[in-house]
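Residue numbers (my numbering): 10 to 467.
Worksheet: one structure, shown below.
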Amino acid sequence: MQRAMSRHRACCAPAAARAATLAAAHVHPIGGPPCERYAHAREHLAHGLASPLCEVEISHGCGSWLHTREGGKLLDFTAGIGVVNLGHCHPTVVAAAQRQLGRLLHTSMATGFSEPVTELTARLVGGVLPAGLDRVMYSTTGAEALENALRIARAATGKPNVIVFQGGYHGRTNATLALTRSKTAYGARNHPQMGGVYVAPFPYESQAPGLGVDGCLFQLELLLKQQSAPEDTAAMIVEPVLGEGGYVPAPPEFLRGLRAACDRHRILLVLDEVQSGFGRTGTLFALEHARIVPDILCIAKGIASGLPLAAVATRADIAALSPAGTLGGTYAGNPVGCAAALATLDVFRDERVLDNVAARGAQLRAELDAVAARHPHLIREVRGLGLMVGVELQPSAPYGAARALSRRCAHEGLLLLSAGTFECMRFIPPLTVSADEVSEGVRLFERALAGTLDRPTV
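Printed below as a string of structure tokens:
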């Protein structure tokens with residue numbers, strides 16, 4: 010792992026030297042003011058897009074760092090929202106993508122399967138995916154994967170309804186918006202939404218004392234008796250760790266309870282591992298913490314280290330019930346994306362990435378726990394698995410405090426996103442992050458925390 014990381018950092022040497030020069034000259038982490046081109050883009054990009062954390066133009070990235078056109082550098086603890094799990098521009102992934110660019114950029118799976126598609130499929134069903142999930146369908150985004158999972162479940166069962174869980178995020182397409190329950194803002198001015206969606210509680214005892222695993226499973230059974238009968242319910246869709254909902258891990262016994270309920274009522278269990286998958290929680294998939302296997306698994310984000318690729322995996326008997334031609338997409342199984350995914354799997358194996366996740370995840374939790382101990386009036390809870398860690402602010406924090414803290418972190422040189430309904434910060438650094446980078450990220454976070462919220466009242 011250390012040799013591999015040394016090679017990775019060597020590729021960033023020019024950028025690192027430049028950053029050191031800027032630091033010596035006391036250049037602000039963000040750099041100078043944004044250029045005219047940035048202002049033009051800011052004006053003409055769709056208003057519905059989220060506002061960026063800082064007004065900068067990103068020029069390049071390497072490892073855990075992003076560099077701006079304006080001359081600054083930022084420690085990226087967002088990893089492109091959990092996408093660049095191997096860090097920005099990992100040399101093995103870049104080399105694989107470059108080789109494939111020179112061989113075949115695109116071909117439709119309707120006309121033939123590219124070599125990367127056939128090789129990736131063999132790798133996935135040959136030991137990467139949980140046993141029994143040996144049918145794969147490719148797409149480009151996590152939302153597409155969830156839409157296809159829903160179609161597969163309805164085709165396999167002949168049932169119309171689906172159960173989702175409070176706090177879950179599954180995308181922003183018309184169908185996945187109806188599944189998403191992390192916040193109302195995503196569906197603003199887009200009603201009525203798709204019907205046939207029922208919502209069950211998710212264990213979140215720090216916010217709802219007493220509503221633990223048993224209470225949530227009891228409420229689920231009531232829902233099946235009172236709102237959507239098992240004979241009308243095709244699937245339950247759940248994130249094993251709430252992502253946009255606040256980085257809340259599902260207790261293993263809750264996921265095992267869902268598996269048992271689905272088996273009992275002949276309902277399909279769909280796990281959305283778009284954000285939690287590919288090493289983020291310390292295992293290749295978060296489902297391993299609960300020792301369950303879903304009927305359908307959705308993966309994306311970290312699978313190709315930055316290139317748009319997603320997949321749905323299911324059992325042969327389920328896949329066989331989707332009529333030929335009902336699934337697909339123009340860019341499904343893009344050869345360059347599949348080549349990047351193959352390289353990503355190689356890096357996980359050769360550089361023992363999961364070992365680094367275990368070490369750095371434990372370090373991150375310990376250092377954040379220390380910050381919480383120093384600021385108990387500001388931080389309510391530190392939680393998470395691996396390098397998917399949430400820091401929830403105290404209920405006394407004003408509305409919008411987490412967003413303000415994100416902006417202050419960016420001003421300090423740290424990219425960090427907020428999440429959930431209850432003012433939570435999410436830490437998702439690259440899985441290749443170093444010990445020094447973890448400590449630096451926590452240091453910048455604490456400085457921003459004190460500068461934003463820890464001010465005496467007048």
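Note that beta-carbon positions come from the ideal geometry of N, C-alpha and C, so glycine has one too.
task: Let me know the secondary structure DSSP gives P258 once reduced to three states.
output: Reduced to three states, the DSSP call for P258 is strand.
message: Tell me the rounded alpha-carbon separation between T242 and I276.
response: Roughly 6 Å separates the two Cα atoms.
- prompt: Based on Cα-Cα distance, which residue from I67, L62, T120, A131 lies nearest to G334?
  reply: With distances taken between Cα atoms, G334 lies closest to T120.
- request: Reducing DSSP to helix, strand and coil, say where V356 ends up.
  value: Helix, per DSSP.
Between the CA atoms of L229 and L54 - distance to the nearest angstrom: Approximately 42 Å between the Cα atoms of the pair.
- request: Could I get the ranges of all uninterrupted beta strand (DSSP E) runs contained in the segment 303–347, with 3 residues as the minimum, in chain order?
  value: Listed in chain order, they are 305–308, 319–323.
- prompt: Taking G291 as the reference, which of L62, G72, Q372 has the closest Cα?
  reply: Considering only alpha carbons, the answer is Q372.
- prompt: Can the beta-carbon of G315 be found closer than 7 Å to that of L84?
  reply: Going by C-beta atoms, G315 is not nearer than 7 Å to L84.
message: Less than 6 Å between C-beta atoms, sequence neighbours within five positions excluded: which residues of the same chain meet that for S237?
response: For S237, where only same-chain residues beyond five positions count, the Cβ hits under 6 Å are N170, Y207.
- prompt: Which partner residues does V92 have in the DSSP bridge list?
  reply: When beta bridges are read from the DSSP output, V92 appears opposite no residue.
query: So, using beta-carbon positions, are R499 and Y213 closer together than 7 Å?
result: Because the chain spans 10 through 467 in this model, residue 499 falls outside it and cannot be assessed.
query: With burial defined as no fewer than 16 other Cβ atoms inside 10 Å of the residue's Cβ, what is the status of E45: buried or exposed?
result: The residue is exposed, with fewer than 16 neighbouring Cβ atoms inside 10 Å.
field: Nearest residue (CA-CA) to E66, options S73, F227, G57, G80
entry: Of the residues S73, F227, G57, G80, the one whose Cα lies closest to the Cα of E66 is G80.
task: Would you mind sorting D378 into buried or exposed? The rule is 16 or more other CB atoms within 10 Å of its CB.
output: With fewer than 16 other beta carbons inside 10 angstroms of its own, D378 counts as exposed.
Sub-7 Å separation of F294 and N94 beta-carbons: Going by C-beta atoms, F294 is not nearer than 7 Å to N94.
Bridge partner(s) assigned by DSSP for G493: Only positions 10 to 467 of the chain appear in this structure, which leaves residue 493 out of reach.
V283 versus A158, H69, A381, residue with shortest Cα-Cα distance: For V283, the nearest C-alpha among the options comes from A158.
- prompt: Would you report the Cα separation of S117 and T189, rounded to the nearest angstrom?
  reply: Going from the Cα of S117 to the Cα of T189 covers about 30 Å.
- prompt: How is F174 classed by DSSP in three states: helix, strand or coil?
  reply: The answer is strand: DSSP assigns F174 an E or B state.
task: Report all residues from its chain with a CB closer than 8 Å to the CB of G177; omit the five preceding and five following residues, and keep chain order.
output: Counting only Cβ-Cβ distances below 8 Å, and skipping sequence neighbours, we find L188, T189, R190, S191, F211, I246, V247, E248, L251, G254, D281.
query: Would L423 be called buried (16 or more neighbouring beta carbons within 10 Å of its own) or exposed?
result: Taking every protein chain shown into account, the CB of L423 has 16 or more other CB atoms within 10 angstroms, so this residue is buried.
- request: Using a threshold of 7 Å, state whether the C-beta atoms of P439 and S73 are closer than that.
  value: It is a contact, given that the beta carbons lie within the stated cut-off.
message: Within the continuous beta strand (DSSP E) that includes R448, where are the two ends?
response: Reading off the sequence, residue 448 comes out as Ser, not Arg. Here S448 belongs to no beta strand (DSSP E); instead the alpha helix (DSSP H) covers 444–461.
- prompt: Around the Cβ of P407, are there at least 16 other Cβ atoms within 10 angstroms (buried) or fewer (exposed)?
  reply: It is exposed - the Cβ of P407 has fewer than 16 other Cβ atoms within 10 Å.
task: Compare the Cα-Cα distances from Y340 to each of A319, D359, V356 and report the closest residue.
output: Out of A319, D359, V356, A319 has the C-alpha closest to the C-alpha of Y340.
query: Which same chain residues, not among the five before or five after A313, have their C-beta less than 7 Å away from its C-beta?
result: Cβ within range, chain order: G346, A349, A350, T353.
message: How far does the beta strand (DSSP E) with H69 in it extend, from its first residue to its last?
response: In the DSSP assignment, H69 falls within the beta strand (DSSP E) that extends over 67–71.
task: With distances taken Cα to Cα, identify the nearest neighbour of A209 among N199, G221, Q202.
output: Checked all of N199, G221, Q202; the closest Cα to A209 is G221.
query: Enumerated in chain order, which unbroken segments of the alpha helix (DSSP H) with a length of 4 residues or greater are wholly contained in the segment 160–205?
result: Within the segment 160–205, the complete alpha helix (DSSP H) runs of at least 4 residues are 183–188.
- request: Take the Cβ of L231 as the centre, count every other Cβ of all protein chains shown within 10 Å, and call the residue buried at 16 or more, exposed below.
  value: Residue burial annotation: L231 is exposed, with fewer than 16 other C-beta atoms found within 10 angstroms of its C-beta.
- prompt: How many whole angstroms separate the CB atoms of L394 and L138, which I take to be in contact at a CB cut-off of 8 Å?
  reply: With a Cβ gap of about 20 Å, L394 and L138 do not count as contacting.
message: Classify T30: buried if its beta carbon has 16 or more other beta carbons within 10 angstroms, exposed otherwise.
response: Confidence at T30 is low in this model, with a pLDDT of 43, below 50, so the placement of that residue should be treated as unreliable; the coordinate-derived value is given next. Classification for T30: exposed.
Cβ-Cβ separation, T87 to I437 (assumed contact under 8 Å), whole Å: The pair is a contact, with the Cβ atoms about 6 Å apart (cut-off 8 Å).
- request: Give me whichever residues DSSP pairs with M146 in a beta bridge.
  value: Residue pairing by DSSP places M146 opposite V321 in a beta bridge.
query: Can you pull the DSSP bridge partners for L425?
result: L425 is not bridged to any residue.
message: To the nearest angstrom, how far is the alpha carbon of T77 from that of F263?
response: Whole-angstrom Cα-Cα distance: 43 Å.
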